[in-house]
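Data first, discussion second: the structure below is written as structure tokens.
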Amino acid sequence: MAKQAEKPESHSIYGNMAVPYTYAVGAFGSRFFIELRDNKKIMGIRCPQCNVVYMPPRSVCGKCFSQLDEWVELSDKGTILTYTVVNYKEATHPPDVNPPFVYGVVQLDGADTGFTHLISGVDPEKVTIGMKVQAVFKEKREGNMLDIEYFKPL
Amino acid sequence: MATEKQEAEELLFMPFFMKLPCRFDTGIMSKFFTEMRDHKKIWANKCPKCGRLSCPPSELCMPCGNVEMTKWPDWVEQGDEGELMGSSVVYLEFVQPLTGEMQPVPWAFGSIKLDGGASLTHYLVPPDPEALKQGDRYKAVWEEGERKGWVHDIIHFEKIE
């Protein structure tokens, strides 16, 4: 008996690959987050040669490769260097944040570098470069970057 | 109570759990999986040049490089029983990528030469090196609940006789 020629259906298999992993924060990162968690202090680190204050702190100067160990306490106030308004929701965004929201690069007073964080408590339309902002700390802090809930305009 | 010194030496570790949704289009293997799902049948395709059977069916004959492997429906049914050719027992724990859970050990896998002539690699029970003998007869244990059209529609191969 001749087999009837048929076009096979195209079959797909769906998976949800799970990738559990642990990020070791390291000696410098740990100290930074512990200060944030326990004392609501934002710490930077100064390069003895370049005099640059890094925030977040790092162990080696990116410019001159000096070993860094001079910790400095920074202000919780700073300036927006640049920002973007996010209009979509995505799994990698922080939980409890709904679009539209603002990511901004904030340079704290006393630091020479900026870092990315959430800008909130303001209409996204009204955010400007150069705007002065202040850190809002979480009540319950766990030792990660979101111990600062967001930065609010002053 | 933590002393100040201990506190200064505290190191932080952050656990993360990333989920990667993915879709694997099975291509020429589509019929292989849907036949397992719908009829509990295992098929292989054949190289017209060298005669080698491929299970699961492939588009390319690995030993001779021929790209003109037979297409469905000119496949060869294999049955779900065969002879154990070789096996391995795994004692090393690792994270199952599909679940994120640790894979329970020990577990065994092996190559079974099905009665249709093709070899298929799958899980074997029991995972006991003493019990796994080359030449023994093994039979597929099919998922009797919902079969999804994937390799786990056969739960494992089990020793018979």
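Top line first, the protein sequences correspond to chains A and B.
Mapping the first sequence onto our numbering, position 129 (from 1) lands on 129, and the numbers just tick up by one.
Mapping the second sequence onto our numbering, position 14 (from 1) lands on 14, and the numbers just tick up by one.
Just so you know, even glycine gets a beta-carbon here, dropped at the ideal spot from N, CA and C.
Chain-ordered neighbours of residue i on chain A, where CB pairs are closer than 8 Å
| i | result |
| --- | --- |
| residue 95 of chain B | 18 and 20 |
| residue 43 of chain B | In chain order: nothing, as chain A lies at least about 11 Å away. |
| residue 10 of chain B | 30 and 34 |
| residue 18 of chain B | 18, 19, 20 and 21 |
| residue 98 of chain B | 15, 16, 17 and 18 |
| residue 150 of chain B | 13 |
Element boundaries [beta strand (DSSP E), containing residue i]
| i | result |
| --- | --- |
| residue 27 of chain A | Residue 27 of chain A -> not in any beta strand (DSSP E); alpha helix (DSSP H) instead, spanning 26 to 39. |
| residue 79 of chain A | 77 to 86 |
| residue 155 of chain B | 154 to 159 |
| residue 20 of chain B | 13 to 25 |
| residue 151 of chain A | 148 to 153 |
| residue 111 of chain B | 107 to 114 |
| residue 44 of chain A | 42 to 46 |
| residue 74 of chain A | 70 to 74 |
Chain B residues whose Cβ lies nearer than 9 Å to that of residue i
| i | result |
| --- | --- |
| residue 59 of chain A | In chain order: nothing, as chain B lies at least about 14 Å away. |
| residue 51 of chain A | Those within 9 Å of residue 51 of chain A in chain B number zero; the least Cβ separation is about 26 Å. |
| residue 9 of chain A | 30, 31 and 34 |
| residue 27 of chain A | 9 and 11 |
Cβ-based neighbour list, residue i, same chain, cut-off 8 Å, excluding 5 preceding and 5 following
| i | result |
| --- | --- |
| residue 31 of chain A | 43, 57 and 71 |
| residue 148 of chain A | 36, 42, 117, 135, 136, 137 and 138 |
| residue 102 of chain B | 93, 94, 95 and 96 |
| residue 35 of chain B | 41, 42 and 43 |
Same chain, Cβ closer than 6 Å to residue i, neighbours up to 5 away in sequence not counted
| i | result |
| --- | --- |
| residue 141 of chain B | 155, 156 and 158 |
| residue 1 of chain A | Residue confidence is low: residue 1 of chain A scores 48 on pLDDT, short of 50, so the model does not pin down where it sits. No coordinate-derived value is stated. |
| residue 150 of chain A | 118, 120 and 136 |
Residue i: first and last residue of the uninterrupted alpha helix (DSSP H) it sits in
| i | result |
| --- | --- |
| residue 39 of chain B | 30 to 39 |
Cβ shell of residue i (< 7 Å), same chain only, five flanking positions each side left out
| i | result |
| --- | --- |
| residue 2 of chain B | Because the pLDDT at residue 2 of chain B is just 46, under 50, the model does not fix this residue reliably, and the point stays unresolved. |
| residue 33 of chain B | 26, 149 and 150 |
| residue 82 of chain B | 112, 113, 114, 115 and 138 |
Residue i: contacting residues in chain A (beta-carbon distance under 9 Å)
| i | result |
| --- | --- |
| residue 23 of chain B | 12, 13, 14 and 15 |
| residue 15 of chain B | 20, 21, 22 and 23 |
Beta-carbon neighbours of residue i, restricted to chain B and to distances below 7 Å
| i | result |
| --- | --- |
| residue 143 of chain A | 12 |
Proximal residues of chain A, C-beta to C-beta of residue i below 7 Å
| i | result |
| --- | --- |
| residue 26 of chain B | 11, 12 and 13 |
Exercise. Which whole runs of the beta strand (DSSP E) in the segment 46 to 98 of chain B are 3 residues long or more, in chain order?
Worked result: 81 to 90
Problem set entry | Inside the segment 96 to 139 of chain A only - beta strand (DSSP E) runs reaching at least 3 residues | 101 to 108, 114 to 119 and 132 to 137
Exercise. At a Cβ cut of 9 Å, what residues of the segment 45 to 58 of chain B count as close to chain A, listed as they run along the chain?
Worked result: none
For this session: Would you list, in chain order, the members of the segment 101 to 135 of chain B that have their beta-carbon closer than 9 Å to a beta-carbon of chain A?
Result: 101
Problem set entry | Complete runs of the beta strand (DSSP E) confined to the segment 122 to 151 of chain B [at least 3 residues] | 137 to 142
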